[in-house]
Amino acid sequence: QKEVEQNSGPLSVPEGAIASLNCTYSDRGSQSFFWYRQYSGKSPELIMSIYSNGDKEDGRFTAQLNKASQYVSLLIRDSQPSDSATYLCAVNRDDKIIFGKGTRLHILP
Amino acid sequence: ETGVTQTPRHLVMGMTNKKSLKCEQHLGHNAMYWYKQSAKKPLELMFVYSLEERVENNSVPSRFSPECPNSSHLFLHLHTLQPEDSALYLCASCPGVGYEQYFGPGTRLTVT
């Protein structure tokens, strides 16, 4: 079982809709969770970090964590064409950050 | 700008050349990382330094040699590379191992 799993996509979402990105992880001892956005040819950019169960909101972004289900998600409200990118989920296990392979998101104008 | 800089941004080198990549962080962080990202592949962790000590070496070939002279600077020395080493090389720093990482812009390396 892969340690951090993401659907590779592409995920196509109409402009203005909610984009939902999902990530599952294998180690129940994982302590902190991160979402990064990476535009083509650029480096990853930190969007959100979440440490406890529940929702965390920052502008149009909401991260959701469910440790019992070993599941973390990122919601993007009012999706814009500029949100088109690859979104990387990262999980901290024993001070080691494990990255998923990323989900490509395409916002349709 | 994330406070992490990398030079050069682009590098073309032959298989017999020796070159070095440089990373500098201005964030007061204690940990620094080298990653390799090949086309359409996930991030591959290469090396981790915490307080200037190497804490992780992810089975990287010896033609890649890291150096961390202080907590703000990280180098990756390259020699006798292969064409398959062509990739985007990313440096990242974080307050401590396991915390959120901040990436530099990367060095696009092409080995001819």
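As you go down the protein sequences, you meet chains L and S in turn. To convert, note that position 92 of the first sequence is 92 in the numbering used here; the numbers rise steadily by one, no gaps. To convert, note that position 65 of the second sequence is 1065 in the numbering used here; the numbers rise steadily by one, no gaps. Built from N, CA and C at the ideal position, the CB exists for glycine as well. Please read all numbers here as calculations on a predicted model, not as lab measurements.
Cutoff 8 Å: residue i Cβ touching any chain S Cβ
i	result
Ser43(L)	yes
Phe34(L)	yes
Ser49(L)	yes
8 Å Cβ cutoff, residue i in contact with chain L
i	result
Tyr991(S)	There is no way to answer for residue 991(S), as the model of chain S reaches only from 1001 to 1112.
Leu1043(S)	yes
Gly1003(S)	no
Tyr1102(S)	yes
Leu1090(S)	yes
Val1111(S)	no
Pro1105(S)	yes
Close beta carbons around residue i, own chain, < 7 Å, minus the five adjacent residues each side
i	result
Lys1036(S)	Glu1044, Met1046, Ala1087 and Tyr1089
Leu1051(S)	Asn1030 and Ser1071
Pro1105(S)	Gln1006 and Arg1009
Own chain partners of residue i with C-beta closer than 6 Å, once the 5 adjacent residues on each side are dropped
i	result
Lys1022(S)	Thr1007 and Phe1075
Within 9 Å of chain S by C-beta, residues of the region 94-107 of chain L in sequence order:
In summary, the residues of the region 94-107 of chain L whose CB is separated from some CB of chain S by less than 9 Å are Asp94, Asp95, Lys96, Ile97, Ile98, Phe99, Gly100, Lys101 and Gly102, in the order they occur in the chain.
Give the list of continuous beta strand (DSSP E) stretches no shorter than 3 residues that lie fully inside the region 42-99 of chain L.
Fully enclosed beta strand (DSSP E) runs of 3 or longer: 45-50, 54-58, 61-66, 71-76, 85-93 and 96-99.
Where the region 76-93 of chain L meets chain S: residues whose CB sits under 7 Å from a CB there:
Answer set for the region 76-93 of chain L: Asn92.
At 3 residues or longer, what runs of the beta strand (DSSP E) sit wholly inside the region 1026-1092 of chain S?
The region 1026-1092 of chain S contains, as complete beta strand (DSSP E) runs of 3+ residues, the segments 1031-1037, 1044-1050, 1053-1057, 1064-1070 and 1073-1079 (chain order).
Pairs of beta-carbons, one from the region 22-29 of chain L and one from the region 1010-1024 of chain S, closer than 8 Å: are there three or more?
Three or more beta-carbon pairs separated by less than 8 Å are not found between the region 22-29 of chain L and the region 1010-1024 of chain S, which leaves the two stretches without contact.
Taking Cβ-Cβ distances below 7 Å as the criterion, which residues of the region 1007-1037 of chain S are in contact with chain L?
Going along the region 1007-1037 of chain S in chain order, one finds no residue with a Cβ nearer than 7 Å to chain L.
Tell me, please, whether the region 3-19 of chain L touches the region 1057-1067 of chain S by the rule of three or more beta-carbon pairs shorter than 8 Å.
Contact between the region 3-19 of chain L and the region 1057-1067 of chain S is absent, because fewer than three Cβ pairs lie under 8 Å.
Contact between the region 1020-1028 of chain S and the region 1088-1104 of chain S (3+ Cβ pairs under 8 Å)
Enough Cβ pairs lie closer than 8 Å, so yes.
Tell me whether the region 92-104 of chain L and the region 1064-1080 of chain S touch, counting them as touching only if at least three CB pairs, one residue from each stretch, are closer than 8 Å.
No, the region 92-104 of chain L does not touch the region 1064-1080 of chain S.
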